[in-house]
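A.B. asks:
Residue numbers (this note's numbering): 1 to 328.
(1) Would the beta-carbon of residue 60 fall within 9 angstroms of that of residue 48?
(2) Can you check whether the CB of residue 214 is closer than 9 angstroms to the CB of residue 4?
(3) Can you give the beta carbon distance from residue 148 to residue 109, rounded, assuming they're within the 8 angstroms contact cut?
(4) For residue 56, which of helix, strand or coil comes out of DSSP?
(5) Pull up the CB-CB distance for residue 113 and residue 70, whole angstroms please, since I reckon it's below 8 angstroms.
(6) Is the beta carbon of residue 167 sitting closer than 9 angstroms to the one on residue 217?
(7) In terms of residues, what are the limits of the alpha helix (DSSP H) holding residue 17?
(8) Spell out a yes or no on whether the region 275 to 282 and the region 233 to 249 are touching, meaning 3 or more CB-CB pairs, one atom from each, closer than 8 angstroms.
(9) Roughly how many angstroms lie between the CA atoms of residue 177 and residue 233, to the nearest whole one?
(10) In whole angstroms, what is the alpha-carbon distance linking residue 298 and residue 46?
(11) For residue 76, does the three-state DSSP call read helix, strand or coil?
(12) Alpha carbons only, please: which of 322, 160, 321 and 182 is nearest the one belonging to residue 123?
(13) To the nearest angstrom, how far is the alpha carbon of residue 185 from that of residue 146?
(14) Fully enclosed by the region 211 to 293, which beta strand (DSSP E) runs are 3 residues long or longer?
(15) Kindly indicate which residue of 313, 7, 84 and 271 has the alpha-carbon position closest to the one of residue 22.
(16) Mapping DSSP to helix, strand and coil, what is residue 188?
(17) Which of the three DSSP states, helix, strand or coil, is assigned to residue 309?
(18) Hey, quick one: how far does the beta strand (DSSP E) through residue 329 stretch, first residue to last?
(19) Between residue 300 and the rest of its own chain, which residues show a CB-CB distance below 8 angstroms, the 5 nearest in sequence each way excluded?
(20) Based on Cα-Cα distance, which residue from 204, 42, 35 and 92 lies nearest to residue 128?
(21) Decide if residue 277 is buried, meaning its Cβ has at least 16 other Cβ atoms within 10 Å, or exposed.
(22) What are the start and end residues of each continuous alpha helix (DSSP H) run of 4 or more residues lying completely inside the region 88 to 138, in chain order?
(23) Could you give the first and the last residue of the continuous beta strand (DSSP E) run that contains residue 304?
(24) Among residues of its own chain, excluding the 5 on either side of residue 18, which ones have a beta-carbon nearer than 6 angstroms to its beta-carbon?
(25) Going by CA-CA distance only, name the one from 75, 135 and 194 that's closest to residue 118.
(26) Does the Cβ-Cβ distance between residue 65 and residue 103 come in under 9 angstroms?
(27) Cα separation between residue 199 and residue 183?
(28) Are residue 212 and residue 231 closer than 9 angstroms when you measure CB to CB?
(29) With 16 as the cutoff for other CB atoms within 10 Å, does residue 311 come out buried or exposed?
(30) Give the DSSP-derived three-state secondary structure of residue 323 in the structure shown.
(31) Are residue 58 and residue 30 closer than 9 angstroms when you measure CB to CB?
(32) Can you have a look at residue 272 and say buried or exposed, based on whether 16 or more other CB atoms are within 10 angstroms of its CB?
This is how it looks when you write it as structure tokens:
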């Protein structure tokens with residue numbers, strides 16, 4: 001049984017792909033006293049209400065993480081917070097940088113302040129591979145958010161609140177997944193657009209991402225950056241798994257896009273411990289009494305965790321089986 005079972009939980013961005021998967025997992029496996037779905041889109045909240053019916057454990061809270069007062073109200077009596085709200089489109093960020101700063105950075109600071117003031121026990125914030133050695137504005141805002149959550153433990157040192165970060169790569173089945181696009185084009189005998197045939201990506205399913213976050217609540221002391229040990233895949237293998245034999249054409253890497261994903265930079269190697277299911281990047285400085293987790297193995301100096309140098313890989317058959325299982 002998880003530490004957060006039977007408790008009061010709030011999830012920001014609770015009507016997104018991860019939020020809905022987390023909500024379903026929590027209602028099925030965690031028996032929450034209540035779970036607060038905090039998001040700014042009333043249509044999506046309506047759709048989630050239709051999906052989950054009138055479960056009395058769910059509270060829908062319309063609000064924006066840019067509004068600190070609204071967050072403070074929503075967090076009253078909350079034990080645990082999952083912070084999933086963010087603006088995420090790489091190309092949109094380049095045209096609207098101030099909006100991404102306001103939501104991903106300033107909004108994250110609001111979540112931290114509201115959680116500490118409300119006496120929340122633990123907060124886990126969701127990050128992205130793009131926050132490691134960022135080359136686009138979206139990744140840069142998420143890197144700042146990561147550091148804000150880690151540093152938040154300094155300010156919460158005399159309070160019960162502890163904060164940690166979870167970072168992972170592509171999520172199969174999330175909004176914006178390329179799988180439905182490939183299938184639609186293949187069904188119409190159209191060529192599939194590939195940015196670069198050499199491209200590799202990490203891959204995790206939504207249920208696995210949710211479970212990793214829940215497990216991280218149980219393992220965190222505050223200040224950790226948790227990174228799951230997950231497999232990589234080659235983009236051309238994905239094409240073969242989804243639409244075998246379909247023609248493809250290269251469109252070129254988009255602005256701000258990487259050929260290979262990275263989740264741990266080499267400069268972070270001296271603070272990284274390896275466990276069977278995850279890596280733990282420890283805080284640079286810890287004034288709140290942080291202690292290193294037991295049982296971790298130090299990685300080699302200069303180690304970096306990229307999708308092209310991974311020791312775990314998905315074959316075409318592996319991906320096909322995962323996609324079929326996800327769609328059942």
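We treat Cβ as the ideally placed atom computed from N, Cα and C, and that holds for glycine.
C.D. replies: Per the coordinate set shown:
(1) yes
(2) yes
(3) 6 angstroms
(4) coil
(5) Contact flag wrong, Cβ pair sits at about 13 angstroms.
(6) no
(7) 17 to 25
(8) no
(9) 14 angstroms
(10) 47 angstroms
(11) coil
(12) 160
(13) 37 angstroms
(14) 225 to 228, 232 to 234, 248 to 250, 262 to 264, 272 to 274 and 278 to 281
(15) 84
(16) coil
(17) coil
(18) In the structure displayed, the chain extends from 1 to 328; residue 329 sits before or after that span and is not available.
(19) 269
(20) 204
(21) exposed
(22) 90 to 95, 97 to 100 and 107 to 118
(23) Residue 304 -> no beta strand (DSSP E), and no H or E assigned at all.
(24) 84
(25) 75
(26) yes
(27) 19 angstroms
(28) no
(29) exposed
(30) helix
(31) no
(32) buried
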